[in-house]
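J.: Be aware that the sequence shown starts at -15, since it is given in the working numbering, and climbs by one per residue. We put the beta carbon where it would ideally sit given N, CA and C, even for glycine. Structure incoming, see below.
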Amino acid sequence: MLKILIAVDGSELSLDGVHHALALVRQGLQATMVLANVQEPATLYELVTTRDPDLIAAASLEAGQHLMGPARALLDAAGVGYETDVGVGDVAHTLVDMIERSGCDMVIIGAKGQGAITSALLG
């Protein structure tokens, strides 16, 4: 069974990615999903005023889980298995770490504002 990571940031484009993954499942692909969200690191101001790194980490996790709510609802309604992963850091590097850690075979990331050629290549 394949494992598909879907980058979810709460946008319509990321929900389009979930719809795309569900279309693949409806076409017969046997897969489980990993919903992944990356939160930005805390700012210096947040670190200085909060003084509690655990509180900042909990807030990041809660924000990421909240943004995945609509994607989770779509997968729940379709009866497709999934897990969630919230990371903190640079989006590109953190997503690569998540992909490697979870052993995903496929990645779906929304593309925005691409030209005609890029859109044709990325889908």
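#1: Taking His3 as the reference, give the member of Pro25, Pro54 and Lys(-13) with the closest Cα.
#2: Tell me the rounded alpha-carbon separation between Met52 and Met17.
#3: Is the beta carbon of Asn21 closer than 7 Å to that of Gly48?
#4: Following the continuous beta strand (DSSP E) through Gln23, name the residue where it begins and the one where it ends.
#5: Quick test of the definition: if touching needs 3 or more C-beta pairs under 8 Å, does the segment 84 to 94 touch the segment -10 to 8?
#6: Whose C-beta lies closer than 8 Å to the C-beta of Asp0 among residues of the same chain, with five residues either side of it excluded?
#7: My assumption, with CB atoms under 8 Å, is that Thr78 sits in contact with Leu19. Please give the rounded CB distance.
#8: Would you identify the three-state DSSP class for Val72, choosing helix, strand or coil?
#9: Per DSSP, Glu67 is paired with what?
#10: In this structure, how does DSSP classify Met(-15) when only helix, strand and coil are distinguished?
#11: Quick check on DSSP: helix, strand or coil for Ile93?
T.: By the coordinates alone:
#1: Translated into the one-based positions of the sequence shown, residue 3 becomes position 19. For His3, the nearest C-alpha among the options comes from Pro54.
#2: Counted from its first residue, the sequence shown places residue 52 at position 68. Counted from its first residue, the sequence shown places residue 17 at position 33. Answer to the nearest angstrom: the Cα atoms are 12 Å apart.
#3: Working through the sequence shown from its first residue, we reach residue 48 at position 64. Working through the sequence shown from its first residue, we reach residue 21 at position 37. Closer than 7 Å, so yes.
#4: Here residue 23 corresponds to residue number 39 of the sequence shown, with the count starting at 1. Gln23 -> beta strand (DSSP E) spans Ala15 to Gln23.
#5: The segment 84 to 94, when compared against the segment -10 to 8, does touch it at the 8 Å Cβ threshold.
#6: Start at 1 with the first residue of the sequence shown, and residue 0 comes out as number 16. Closer than 8 Å at Cβ, skipping near neighbours: Gly94.
#7: Along the sequence shown, read from residue 1 onward, the residue named residue 78 stands at position 94. Along the sequence shown, read from residue 1 onward, the residue named residue 19 stands at position 35. That pair is no contact at about 14 Å.
#8: Residue mapping note: residue 72 aligns to position 88 of the sequence shown, counting from 1. Strand.
#9: Taking the first residue of the sequence shown as position 1, residue 67 is located at position 83. Answer is Val18.
#10: The sequence position of residue -15 within the sequence shown is 1, counting from 1. Reduced to three states, the DSSP call for Met(-15) is coil.
#11: Translated into the one-based positions of the sequence shown, residue 93 becomes position 109. Note: Ile93 maps to coil in three-state DSSP.
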